[in-house]
Amino acid sequence: MMAPLDVCFQAMERDERVVCEIEAQIADLEDQYDSIIGCDIVVHGPAARDPKTYDKTNGLYDVRLVLALPCREITIERGQTADADVYTAVEKAFQAARKQFEEWLEERHHLHEAS
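The UniProt record's numbering applies: residue 1 is where the sequence shown begins, and numbers increase by one.
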């Protein structure tokens, strides 16, 4: 990854174990896909309240993840990853990112075949 990993915590203390889990998830993604050029992550604690997602995330951990690729960004918004366990919320965010990454690669593959 060209840019340094940026991990922020809102409504909770910074947790180095969570940062280590995020770093492991990023390393796994980079092993599979070499086109990641940046990653920003915000881990929202259970007390973080957003009026748009309040009903879905009240009292739960949630993660917002943005992966920068050469020609686009993959964004996993809050509300998609809410869970009572912070590690599960992180895992959900990376699973969703992998799915979007695969869809993007498939789309690129079809575009190259068509040309």
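Beta carbons: idealized from backbone N, C-alpha and C, even for Gly.
Quantities reported herein were computed from a predicted structural model and do not represent experimental measurements.
Check                                                                                                                                                                         : Outcome
Closest to Leu69 by C-alpha separation, out of Trp104, Glu77 and Ala11, would be which residue?                                                                               : Trp104
CB Val7 to CB Ile37, shorter than 9 Å?                                                                                                                                        : no
Would Asp83 and Leu65 be called neighbours here (beta carbons separated by less than 9 Å)?                                                                                    : no
Among Glu113, Gln80, Leu111 and Tyr87, which one has its Cα closest to the Cα of Lys99?                                                                                       : Gln80
On the DSSP bridge assignment, give the partners of Ile41 in chain order.                                                                                                     : Val7 and Leu65
Check Thr81 in the structure and name its three-state DSSP category.                                                                                                          : coil
When we look at the beta-carbon of Arg17 and count the other beta-carbons within 10 Å, is it buried (16 or more) or exposed?                                                  : exposed
Under 9 Å, do Leu29 and Ala96 count as touching if we go by C-beta distance?                                                                                                  : no
Exposed or buried, what is His44 when buried is set at 16 or more other beta-carbons lying within 10 Å of its beta-carbon?                                                    : buried
Count the other C-beta atoms from every protein chain shown that fall within 10 angstroms of the C-beta of Cys20, then say buried if there are 16 or more, exposed otherwise. : exposed
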